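Taking the working numbering, the leading residue of the sequence shown gets 453, the next gets one more, and so forth. Backbone N, C-alpha and C define an ideal beta-carbon position, used for all residues, glycine too. These numbers were taken from a predicted model, which means no experiment stands behind them.
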Amino acid sequence: MGQTKDSGVEERPKWDNKVQYLLTCIGFAVGLGNVWRFPFLCQIYGGGAFLIPYLIALVFEGLPLLYLELAIGQRLRMGSIGVWNSISPLLGGVGIASMLVSLLMSMFYNTILAWVLWYFFHSFQNPLPWRDCPLNENQTGYNVECEKSTPVNYFWYRDTLNVTPDIETSGSLQWWMVTCLATAWCVVYICFIKGIESMGKAIYVTATFPYLVLTIFLVRALTLPGATDGLVYLFTPDWEILKNPQVWLDAATQIFFSLSVAAGGLMAVSSYNDEKNDCERDAVLVGVINSATSLYASIPIFSILGFKATNGFNACRKENILTLTNQFEFSDQNITLENYNYWFNYLNQSHPNIMSSLSLRECDLQTFLDQSASGTGLAFIVFTEAVLEMPGSQVWAVLFFVMLFSLGLSSMFCYIESILTPIHDLKLVPKWIPNELVTGIICLISFLVALIFTQGSGNYWVEVFNSYVGSVPLLIIAFFEIIGVIYIHGMKTFSDDIYFMTGRRPNIYWKACWMVISPLMLMVVLAAYVTMQVEKYPTYSAWNPDYDLFPQTEVKFYPGWVFAIIILLCVLPVVSIPLVALYKLIRPKIRQSTTRVEPNPNSKQRP
């Protein structure tokens, strides 16, 4: 790690090389959402048709915001709080908001890495522990809850989470999750113990290894039976779906959160760049690689889901074949998977009464393809079930969870950096306290607070933080970022800054986005999001074995006190924006009103 002097005043760390910096930006932008949420949105929103609003959002919202953050961080060479205090003291709250959002997001994000570690440790067992149901307490049969659901569901909800039936029932701390969470935070601390010096070395592995694993999965997944069905299902466009405004809202939200703008991390990592770096090229490169990674990850993911759906579809028909064989005598030709449709149609026509009384399962490949999942369900339920059917399942499970851990770890680096950089830039910590201690204290505090996620209700709270900390606050912060840079710092001044760094001024596309298009899109997305939340009281899916429709999850409304916490999570990170501005405005008046001019006793009064 090199050192460079900032304005001749103090030394500031600097990236060893350009590759190290770009990998850090890519590692922050490319995260778990590229593997989880993007394929799911493509699936439910018409496959290839979803790419249209997604690319529009990328061009007019994602890239301009990404470029703005990289440019202003590089030019002012400060973290989020320092940047906004430099532009205007009234905007100091924007930096505080970014730091608080990063702190909250790092807590639940590292909990997901703890889950990944738990599965990783169990992936070496043969057979995999989520393949079969455990025996009941009497050792006379299988566990009832597992039999009613599936071994995969049971291992996730019971063995991993030991989940409670609702969010109000906290449950005790799960010691195995506490251990995994502590391990995850220790890994983050070790990789970050020397700041960007040690992080820059670790990023070579964490940012590149996922692409190696994705490529291995791609080659293997394309050879699986049913892979073609999964890809056709994913990319077949349904143009009618574009009439749904929800598609456009989700596309704009996905590209915004996928690039990780407004959290302060991108400003922090770009502040360690050389001032003459081409930040425009970096922004385009990172944005394109992020979106291309989402598409690249979708191919093996849905090839595997197509394989899983095909196995489920064939298993369904085999069950029906067994029923039909027991009912009818096939003298000349047995019923098989190959001639199943012929015999099924023939028997429906020749023996309709008998067929209707057999309670045969409805076997439809489309239905099995529809049984996908988003978020954690894709990794810990759907994918683990598909791995069971693959030869050498332990190897594929290990590779998959190592990939997820690498993706999450590279994102965690920037979350921590977006917390530490403002602290150091504002000199909130005395110089005699080493950086290793500061980093350790932050990791320890985060670990202690994150213990809430290791309770039986922890999964519900992760969903709360994931849904609300990374939504409204980031939209509000991004809006104030654009207003602050373009209309307070000034478009002309910012254009001069870019000319100083890159040797050219921003073109009409960038200016139009910054001045009009991007802030308008943010306002529309924010208004639409808030309107949807107001119109529909928020709900969550609870795993309740006593539910009548179990193993389906039970949809419940959040209790009032949890809804209050949701509002607090949306408001608390950004309340610093108006409070700091108000304080800066009234502080001079308060000082003026409290300052008294004491009379000089030696002076003579005029008669």
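What does DSSP give as the partner residues of residue i in its beta bridges?
i, result
"V1007", "S993"
"K770", "In DSSP, K770 forms no bridge with anything."
"Y594", "L587"
Taking the continuous alpha helix (DSSP H) assigned at residue i, which residues delimit it?
i, result
"H941", "Looking at the DSSP string, H941 is not in any alpha helix (DSSP H), and its letter there is neither H nor E."
"A849", "S845 to D877"
"I642", "W627 to F644"
"G1012", "G1012 to V1023"
"L880", "Looking at the DSSP string, L880 is not in any alpha helix (DSSP H), and its letter there is neither H nor E."
"C895", "N887 to V901"
"M842", "M842 -> no alpha helix (DSSP H), and no H or E assigned at all."
"W913", "G910 to Y920"
"P603", "P603 to Y606"
"F1002", "Note, F1002: premise wrong, no alpha helix (DSSP H); not H, not E."
"T819", "L817 to D822"
"I806", "P804 to S809"
What would DSSP say about residue i, mapped onto helix, strand or coil?
i, result
"P465", "strand"
"S459", "Here S459 scores only 40 on pLDDT, less than 50, and its place in the model is too uncertain to base an answer on."
"L972", "helix"
"S532", "helix"
"L714", "Residue identity differs from the one stated: residue 714 is Ala in this sequence, not Leu. In the structure shown, A714 sits in coil (DSSP, three-state: anything other than H, G, I, E or B)."
"E965", "Per the sequence shown, residue 965 should be read as Cys rather than Glu. DSSP places C965 in helix when its eight states are reduced to three."
"Y724", "coil"
"V1049", "Residue placement at V1049 is poorly supported in this model, since its pLDDT is 49, which falls under 50; the coordinates are not used for a value here."
"Q577", "coil"
"W582", "coil"
"F835", "helix"
"R1043", "helix"
"I539", "helix"
"A659", "coil"
"T788", "coil"
"Q907", "coil"
"F780", "coil"
"L927", "helix"
"V1026", "coil"
"D948", "helix"
"S550", "helix"
"W884", "coil"
"N614", "coil"
"I1038", "helix"
"Y620", "Before going further, note that residue 620 is Glu rather than Tyr in the sequence given. If DSSP states are grouped into helix, strand and coil, E620 belongs with coil."
"L812", "coil"
"G764", "helix"
"N959", "coil"
"K1064", "Residue 1064 lies beyond the range of the chain shown here (453 to 1059); nothing can be said about it."
Would you check whether the ligand FMN has a heavy atom nearer than 7 Å to the C-beta of residue i?
i, result
"V568", "What this structure holds is no ligand at all, so the ligand FMN is not there to describe."
(message) Ignoring anything shorter than 4 residues, give me the alpha helix (DSSP H) runs that lie fully in the region 479-527, in order along the chain.
(response) 484-487, 489-496 and 503-509
(message) Within 8 Å, do at least three Cβ pairs link the region 566-584 to the region 840-855?
(response) yes
(request) Count the C-beta pairs between the region 558-568 and the region 1029-1041 that are closer than 8 Å, then say yes if the count reaches three, no if not. (result) Between the region 558-568 and the region 1029-1041 there are fewer than three inter-stretch CB-CB distances shorter than 8 Å, so the stretches are not counted as touching.
(request) Would you check if there are 3 or more beta carbon pairs closer than 8 Å linking the region 960-971 to the region 516-523? (result) yes
(message) Which complete alpha helix (DSSP H) runs does the region 665-706 hold, if anything under 4 residues is left out?
(response) Runs of the alpha helix (DSSP H) inside the region 665-706: 679-687.
(message) I'd like the ranges of any alpha helix (DSSP H) spanning at least 4 consecutive residues and lying wholly in the region 725-754.
(response) none
(request) For the region 868-883 and the region 525-544, state whether three or more C-beta atom pairs, one from each stretch, are separated by less than 8 Å. (result) yes
(message) Pairs of beta-carbons, one from the region 633-647 and one from the region 727-739, closer than 8 Å: are there three or more?
(response) no
(request) State whether the region 467-475 contacts the region 709-717, with contact taken as three or more CB pairs (one from each stretch) at a distance under 8 Å. (result) Taking a cut-off of 8 Å for Cβ pairs, the region 467-475 and the region 709-717 do not touch, as fewer than three such pairs fall below it.
(request) Say whether the region 695-706 touches the region 495-515, bearing in mind that this needs 3 or more beta-carbon pairs closer than 8 Å, one atom from each stretch. (result) yes
(message) Within 8 Å, do at least three Cβ pairs link the region 685-698 to the region 489-503?
(response) Contact between the region 489-503 and the region 685-698 is present, because at least three Cβ pairs lie under 8 Å.
(request) Report yes or no: do three or more beta-carbon pairs, one from the region 510-517 and one from the region 469-488, lie closer than 8 Å? (result) no
(request) Evaluate the contact criterion for the region 866-873 versus the region 713-720: three or more CB pairs, one atom per stretch, below 8 Å. (result) With a cut-off of 8 Å, the region 713-720 and the region 866-873 count as touching, because enough Cβ pairs lie within range.
(request) Please determine if the region 635-644 and the region 835-845 are in contact, where contact requires at least 3 C-beta pairs separated by less than 8 Å. (result) no
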